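In the numbering used here, the protein residues as written are 63 to 718.
Idealized CB from N, CA, C, for every residue including glycine.
Everything numeric in this text was worked out from a predicted model, so none of it was measured.
Read through the structure below, which is laid out as structure tokens, and then see the notes.
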Ligand code: ADP
């Protein structure tokens with residue numbers, strides 16, 4: 063430009079951008095050029111820039127402009143004075159750089175920072191809440207234990223201990239929530255698909271919540287649509303968990319009136335043949351403001367985040383519900399009006415089944431009623447309190463010995479006979495997995511690769527050789543994969559700490575029963591029939607039959623149950639293999655990992671360990687980002703299983 067702003071030269075890029083010719087621009091004041099005309103603001107900026115640049119200053123400003131094609135652009139303008147020898151401004155160079163992409167990146171970065179800051183704030187809030195939620199029952203436990211130790215009257219002591227127990231249970235509920243939450247974040251949570259009775263689930267929720275509901279003077283009603291099938295296939299425990307969470311919230315946020323739980327046949331039914339069931343939990347409570355009805359389903363979000371809030375909680379419950387419903391391929395939402403009440407809805411597809419299929423619970427009830435007594439139990443745990451709790455729980459009915467790590471356990475096993483070992487997993491000196499591997503090696507007379515005094519191992523072999531000692535993992539490691547690790551090390555069962563006495567009793571009952579049912583034929587073989595029929599003359603055991611026997615022995619299910627499970631296992635194996643192949647084709651490795659994980663679980667459950675190991679290899683490979691021949695591995699599992707089913711008795715791939 064001349065110093066008065068008359069344009070004397072213009073480049074092609076500027077003309078192209080503005081969509082005009084040189085003639086329209088040259089010899090005119092810059093602010094009259096056609097591309098500025100649209101905006102007073104830009105004209106003002108240019109005049110202002112000219113005013114300053116004439117005095118010798120470099121002027122810069124950013125603005126948005128529309129190009130010829132109507133697109134909006136961010137432009138960084140500069141007006142640069144050119145001076146002669148006497149420092150007099152003789153010309154001005156006006157330059158514009160398009161910085162739209164840069165601005166977009168800046169904007170994205172700003173948004174990312176804002177959302178990270180918001181997440182960070184929510185997590186800090188969560189930690190503060192969590193600390194409060196943990197401390198409240200902890201205070202009660204510490205205070206009440208102290209009082210129970212002081213007090214003389216038995217009746218009062220019982221009351222204090224009741225409070226201790228309730229507080230400990232609520233603490234455990236909180237820990238379970240955290241565990242579920244982290245499992246879901248790590249995509250490790252898997253659903254069970256088993257037949258269940260819908261009414262039983264709803265009645266169970268009602269009876270669990272009856273105490274707090276009565277205490278608050280509320281009323282709870284349960285309604286079930288008669289058109290719904292009574293028996294369905296799905297994860298009843300998780301459905302119960304969602305309902306308990308919603309009803310728990312309803313009780314917490316309702317001061318008076320009624321709460322209803324209902325299950326209806328959804329109007330629109332899925333094409334898949336499943337039945338869409340619409341669950342609703344309604345209350346007459348404080349309601350939720352409209353701007354919060356979406357956010358409360360996010361992790362750590364609560365309507366009232368202030369320190370002065372009236373209601374306890376961590377903000378995890380609804381996030382867990384949302385994720386569980388999503389895993390079940392359903393949807394969840396809330397309708398609410400402040401001061402009138404809230405209705406939480408979720409719709410999930412469930413497959414109807416015949417009522418006969420629901421026999422899964424029966425052995426549990428049966429087992430919990432029958433108690434087993436007189437076992438010689440070795441409790442191995444490095445934590446003294448855990449050891450004490452386990453042995454005190456057990457010593458009423460059994461003979462209990464304790465050891466504080468794997469090595470001590472092995473030493474104990476060299477000198478005494480035991481029926482069952484309750485083995486913690488994580489321990490110093492020697493962990494539970496290692497100890498189990500050594501025990502199994504001694505039973506099978508395998509040489510050991512670990513440093514163990516040779517006389518200890520010799521005594522161990524002489525005590526255990528040819529036997530099968532029952533080992534139950536007893537661990538606080540409740541993440542996915544731990545169970546498999548314990549079973550792969552040779553443990554027979556797995557319970558999570560803190561164990562419930564009933565759960566332990568059930569596990570012991572079913573293990574001992576399964577073992578004695580295995581022992582009977584072998585005892586017969588050695589006494590009544592000392593020379594068993596040579597293997598070659600035996601009729602080959604069909605693989606399906608073998609899996610069925612394995613399932614029956616390891617789970618104590620009835621033959622009808624085993625049949626249902628077999629059918630499901632077969633469908634699940636075929637489906638997950640297909641999913642894994644598809645995921646591999648689409649290079650979706652996280653899906654491949656998940657499918658391999660599920661596949662491994664099902665194969666293990668069926669006792670098909672050799673193939674489970676291959677599925678685990680795929681899973682581990684994906685997790686460690688290794689380049690493995692995944693397609694070949696999947697094909698070998700596929701082909702191997704086909705061979706098993708057609709040839710019935712492939713050597714080396716049998717049921718373990
Ligand atoms: P928590 O109850 O532990 O805070 P949730 O995720 O279960 O966590 O619930 C998140 C928030 O949603 C609650 O803090 C509360 O503000 C709101 N909310 C949930 N259920 C109800 C309800 N029935 N009535 C009113 N508000 C509710």
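Here residue 295 is actually not in contact with residue 329; their C-beta atoms are around 22 angstroms apart, not less than 8 angstroms. Between residue 661 and residue 638 a beta carbon distance of about 4 angstroms is seen, short of the 8 angstroms cut, so the two are scored as contacting. Our two residues, residue 653 and residue 642, have alpha carbons roughly 7 angstroms apart in a direct line. Distances between the C-beta of residue 358 and the heavy atoms of ligand 1 include at least one below 7 angstroms. Between residue 573 and the set 483, 551, 657, the nearest pair of CA atoms involves 483.
Burial is judged here by how many other beta carbons sit within 10 angstroms of a residue's own beta carbon; residue 668 has at least 16 and is buried.
Annotation: the continuous beta strand (DSSP E) that includes residue 134 extends over 134–145. By DSSP's assignment, residue 516 forms no beta bridge with any residue. If one requires a minimum length of 3 residues, the beta strand (DSSP E) runs lying completely within the region 225–261 are 256–259, in chain order. Your pair residue 304 and residue 386 checks out as a contact, with CB atoms roughly 6 angstroms apart and the cut at 8 angstroms.
Taking a contact to require three or more Cβ pairs closer than 8 angstroms, the region 342–357 and the region 160–168 do not qualify as touching.
According to DSSP, residue 685 shares a beta bridge with no other residue. Here residue 345 is bridged, per DSSP, to 321. Under a 10 Å Cβ-count criterion, residue 545 is classified as buried, with 16 or more other Cβ atoms of the shown protein chains found around its own Cβ. Taking 8 angstroms as the upper bound for CB-CB distance, residue 525 and residue 469 are not in contact here, some 15 angstroms apart.
Cβ-Cβ distances below 7 angstroms link residue 267 to 302, 305, 306, 309, 323 in the same chain, with the five nearest sequence neighbours on each side left out; the list follows chain order. A straight-line Cα-Cα distance of about 31 angstroms links residue 151 and residue 135.
CA-CA distance, residue 194 to residue 103, rounds to 55 angstroms.
By the 16-neighbour rule on beta-carbons within 10 angstroms, residue 381 is buried. Not one heavy atom of ligand 1 lies closer than 7 angstroms to the C-beta of residue 281. For residue 533, the secondary structure class from DSSP, reduced to helix, strand or coil, is strand.
The beta-bridge partner set that DSSP reports for residue 404 consists of 398. Only exposed fits residue 527, as fewer than 16 other CB atoms lie within 10 angstroms of its CB. Taking non-hydrogen atoms of ligand 1 into account, the C-beta of residue 196 is found less than 7 angstroms away from none of them.
Relative to the Cα of residue 557, the nearest Cα in the group 506, 487, 87 belongs to 487.
Listed as beta-bridge partners of residue 151 by DSSP are 145. Residue 416 and residue 337 have their C-alpha atoms roughly 14 angstroms apart. Counting every other CB atom within 10 Å of its CB across the protein chains shown gives residue 211 a total below 16, marking it as exposed. The alpha-carbon separation between residue 677 and residue 645 amounts to approximately 14 angstroms. The alpha-carbon separation between residue 657 and residue 691 amounts to approximately 16 angstroms. The beta carbon of residue 119 is closer than 8 angstroms to those of 143 in its chain, skipping five residues each way along the sequence. The beta carbon of residue 376 sits closer than 7 angstroms to at least one heavy atom of ligand 1.
For residue 454, no pairing in a beta bridge is given by DSSP. Taken atom to atom, the span from the alpha-carbon of residue 563 to that of residue 247 is near 30 angstroms.
The way I'd put it, the region 223–232 does touch the region 187–207; three or more beta-carbon pairs between them come closer than 8 angstroms.
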